[in-house]
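The next block holds one structure in the form of structure tokens; read it before the comments.
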């Protein structure tokens with residue numbers, strides 16, 4: 004008998020050890036702490052990586068590695084002829100995650116979808132300000148409160164969105180992080196218990212990974228969602244090791260302390276590429292950086308002057324100096340990975356002599372101007388000060404004197420949108436949803452003057468094309484309109500388009516199935532790791 | 202002694218109010234506001250900006266906000282972070298043990314190495330030992346923390362594989378914090394190897410954070426010892442025929458310790474300052490990194506609350522240092 008129990012104990016121990024050995028853990032050295040875990044109330048990619056892309060799912064999703072849409076929680080949808088009514092059929096049998104803190108009693112249904120959107124739209128609902136200072140910034144920024152007239156439950160598995168006007172990018176918007184679907188049952192329970200703040204601390208959704216624990220500034224732990232509607236992930240445990248310094252992330256990757264890292268230093272990339280235990284994925288980012296002239300002020304109100312200045316700037320040299328080659332010169336305001344990118348457009352050739360002549364012809368002499376350089380490093384522009392200095396030297400060659408101006412970041416964002424801004428400002432943009440509208444209308448449309456339109460440029464021809472495309476559902480038709488809009492943009496040159504940066508994701512050679520995401524988030528569904 | 206203590210405690214109150222005022226106003230003097238930074242490059246409509254500022258109570262006159270804040274602080278409520286929405290006190294409580302653990306290890310490291318080095322350098326004044334200790338101390342004092350940290354990581358973690366690159370403990374250990382001190386929690390967890398992992402993880406950050414205090418303490422000890430060793434009573438002790446070790450260790454060192462203890466007390470501020478960089482390099486989840494992030498995001502409540510708590514701790518440490526003078530040198534008590 005004693006022997007028997009020893010044997011039994013040994014078997015139990017062995018199987019426990021085997022299961023421990025077989026548990027596959029993927030460690031991701033993330034670049035910072037999430038601000039919280041409710042994707043509705045934040046706008047930062049770091050927060051989305053840790054919340055919406057792991058724990059939650061949406062009605063529709065971006066195809067892995069693309070900006071096209073595929074079914075998510077909705078298995079199908081229809082759009083009314085006038086483009087204002089979207090009806091979604093939900094996938095039946097989708098389970099919410101079971102966690103230590105909550106056990107769901109029912110599957111996903113239309114109530115969850117209605118709740119997830121209404122909390123962001125209705126200013127007087129109980130969830131509108133569930134913790135002091137909560138605001139649904141992304142939904143507001145995308146114009147959802149004005150766009151969406153109603154979100155209604157038709158039956159348990161059917162939801163109807165009615166819009167105030169047709170909006171072609173709406174489907175793409177629904178694949179964005181803030182449109183993640185939460186559990187109404189969980190929300191009701193938290194509300195009843197007076198613990199609403201927990202929604203932002205202990206997330207629960209239908210996504211590929213289940214939240215386990217978060218130690219601020221240190222570690223976030225997830226495990227594979229056993230009931231994930233697309234099937235359980237191959238990784239058993241997903242760990243975010245929060246590592247704010249990029250050099251240290253690279254060292255951790257090399258030491259095998261993590262398997263994937265985002266945002267390497269440009270200077271570290273060569274070293275990581277030559278390490279045989281690692282591989283470095285790269286793709287052009289969905290971004291652009293630009294120098295926006297203030298087109299309301301003379302002489303920058305003349306297209307020929309702007310054009311001449313563009314020709315005086317050696318963009319290739321800037322990309323080389325700032326990105327060490329890890330970027331490409333931009334000729335259009337949208338990145339080349341985006342649909343409707345017009346590759347037929349010819350960039351303004353770098354030609355100081357010609358530029359000088361053009362300036363003389365336009366009657367511009369002894370011009371002195373200001374160039375605003377951002378004080379921070381952003382993915383689309385790592386060092387604006389350096390870029391501004393290079394522009395300063397280039398423009399000096401055509402007789403234009405440049406003073407470089409900078410402000411603290413928040414101040415920079417505020418002052419640069421001023422219509423009376425003195426000087427041209429360097430800034431950039433990273434796409435939200437892969438839709439060209441998100442660049443062309445958001446950054447260059449007439450309504451954005453005094454706001455996101457840093458060039459203060461309102462051109463009727465351009466604006467009409469972009470507005471028309473926004474109301475058209477047909478993608479081929481939209482593509483044509485956006486291509487034409489890019490021609491107008493190039494002719495008018497409200498910006499000097501500078502670059503599209505390349506995004507790198509270094510990882511262990513053991514990792515497979517990781518696909519870079521064009522909208523810049525980091526997804527771990529479909530990822531596997533060799534033992 | 203009691204009067205001394207009460208006197209010192211009474212000074213704390215105006216100091217505390219002064220600190221709260223400074224913390225409150227300085228963060229507001231920085232351009233920009235937390236709401237503007239919430240939306241990044243995307244421009245927020247002015248009406249919406251005003252609405253969110255109103256929701257946060259930031260549109261009220263600053264003195265009203267301050268008085269309101271002070272009223273809450275007196276009741277022990279430091280408010281909630283504007284960014285994470287969690288109570289400031291709770292965040293501080295969960296992060297401070299990490300900073301404290303690291304700072305304590307760093308200061309112990311600095312004292313244990315710094316005092317003997319300073320004493321020997323003083324005794325062996327002018328020899329190669331003295332010269333090299335002071336040379337190393339000067340280098341240590343001038344070493345940029347960021348560079349020094351990365352250098353150690355490349356050497357010990359990636360070349361020799363002796364220590365982990367960063368973090369407080371290997372990710373394979375997972376237990377709920379009890380005290381927040383990883384060395385203690387790892388023992389309490391009962392998981393084999395956890396303590397060793399926590400200990401090894403502490404080595405590099407301790408060296409990096411302890412380097413400047415070590416240099417300061419060694420130099421301070423040396424100069425204080427030199428002064429004391431030239432005093433009459435030391436000569437008397439020597440002429441009595443006392444063993445050199447007793448003369449140096451008992452008679453001289455005890456008197457030389459007063460300025461050294463002062464400088465150790467002052468190192469607390471240096472440690473908290475150095476912790477910001479050390480914590481960033483070693484992904485150490487402490488309050489240094491937390492405060493810097495809060496400044497960048499204009500998280501007013503965190504900056505105010507954090508500064509208040511840190512200032513409170515420094516004041517208490519200084520009080521303890523003052524009390525220790527009395528123990529080391531009874532003359533000061535009177």
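Chains as they are written, first to last, in my numbering: chain A, 4 to 534; chain B, 202 to 535.
From the three backbone atoms N, C-alpha and C, an ideal C-beta is built for every residue, glycine too.
- When CB distances to chain B are screened at a threshold of 8 angstroms, the residues of the stretch 213-226 of chain A falling below it are 216, 218, 219, 220, 221, 222 and 224, in chain order.
- Around the C-beta of residue 483(B), 16 or more other C-beta atoms lie within 10 Å, and the residue is accordingly described as buried.
- Residue 472(A) has its alpha-carbon roughly 9 angstroms from the corresponding atom of residue 483(A).
- The beta-carbon of residue 228(B) is placed no less than 8 angstroms from the nearest beta-carbon of chain A.
- A distance below 8 angstroms separates the beta carbons of residue 331(A) and residue 287(A).
- For residue 429(A), the enclosing beta strand (DSSP E) has its first and last residue at 427-433.
- Against chain A, the CB of residue 284(B) has a partner CB under 8 angstroms away; the residue lies at that interface.
- One Cα belongs to residue 352(B), the other to residue 216(A), and the distance between them is close to 32 angstroms.
- No Cβ-Cβ contact shorter than 8 angstroms links residue 150(A) with residue 61(A).
- In summary, the residues of the stretch 244-275 of chain A whose CB is separated from some CB of chain B by less than 7 angstroms are 244, 245, 246, 247, 248, 250, 251, 254, 255, 257, 258 and 260, in the order they occur in the chain.
- Contact with chain A is found for residue 234(B), since one of that chain's Cβ atoms lies less than 8 angstroms from the residue's Cβ.
- Relative to the Cα of residue 310(A), the nearest Cα in the group 285(A), 342(A) and 359(A) belongs to 359(A).
- Between residue 418(B) and residue 343(B) the beta-carbon gap is near 16 angstroms, outside 8 angstroms, which marks them as no contact.
- Residue contact check for residue 397(B) against chain A: no CB pair falls below 8 angstroms.
- Residue 31(A) and residue 204(A) have their alpha carbons spaced roughly 20 angstroms apart.
- Here residue 164(A) carries a strand assignment [DSSP, helix/strand/coil].
- At a cut-off of 8 angstroms between beta-carbon atoms, residue 135(A) makes contact with chain B.
- Between residue 367(A) and residue 302(A), the beta carbon gap of about 5 angstroms places them in contact (Cβ cut-off 8 angstroms).
- In the same chain as residue 306(A), and ignoring 5 residues on each side of it, the C-beta atoms closer than 8 angstroms to its own belong to 494, 495 and 496, in chain order.
- Look at residue 221(A) here: in three-state DSSP terms it is coil, with no helix or strand label.
- Taking a 10 Å sphere around the C-beta of residue 264(B), we find fewer than 16 other C-beta atoms and assign the residue as exposed.
- Non-local C-beta neighbours of residue 462(A) in its own chain, meaning closer than 7 angstroms and more than five positions away in sequence, comprise 491 and 495, ordered along the chain.
- Rounded to whole angstroms, the Cβ separation of residue 238(A) and residue 530(A) is 6 angstroms, and the two are in contact under 8 angstroms.
- Using beta-carbon distances, residue 417(A) counts as an interface residue toward chain B, with a partner under 8 angstroms.
- Assigned with DSSP and collapsed to three states, residue 410(A) falls in coil, not helix or strand.
- In this structure, the alpha-carbon of residue 410(B) lies about 8 angstroms from that of residue 346(B).
- Against chain B, the beta carbon of residue 46(A) has neighbours under 9 angstroms at 239, 240, 241 and 243, listed in chain order.
- As the crow flies, the alpha-carbon of residue 260(B) is around 6 angstroms from that of residue 254(B).
- Note on residue 477(A): under 16 other CB atoms within 10 angstroms of its CB, so exposed under the neighbour-count rule.
- Here the alpha carbons of residue 385(A) and residue 326(A) stand approximately 7 angstroms from one another.
- Taking a cut-off of 8 angstroms on C-beta distances, the stretch 389-396 of chain B does not touch the stretch 284-291 of chain B, as fewer than three cross pairs fall below it.
- Residues of the stretch 256-285 of chain B with a Cβ closer than 7 angstroms to any Cβ of chain A, in chain order: 256, 257, 281, 283, 284 and 285.
- Annotation: the continuous alpha helix (DSSP H) that includes residue 114(A) extends over 113-124.
- Contact of residue 288(A) with chain B is not assigned, every C-beta pair being separated by 8 angstroms or more.
- Taking C-alpha positions only, residue 229(A) is separated from residue 110(A) by approximately 14 angstroms.
- Residue environment: residue 415(A) is assigned as buried (16 or more neighbouring CB atoms within 10 Å of its CB, all protein chains considered).
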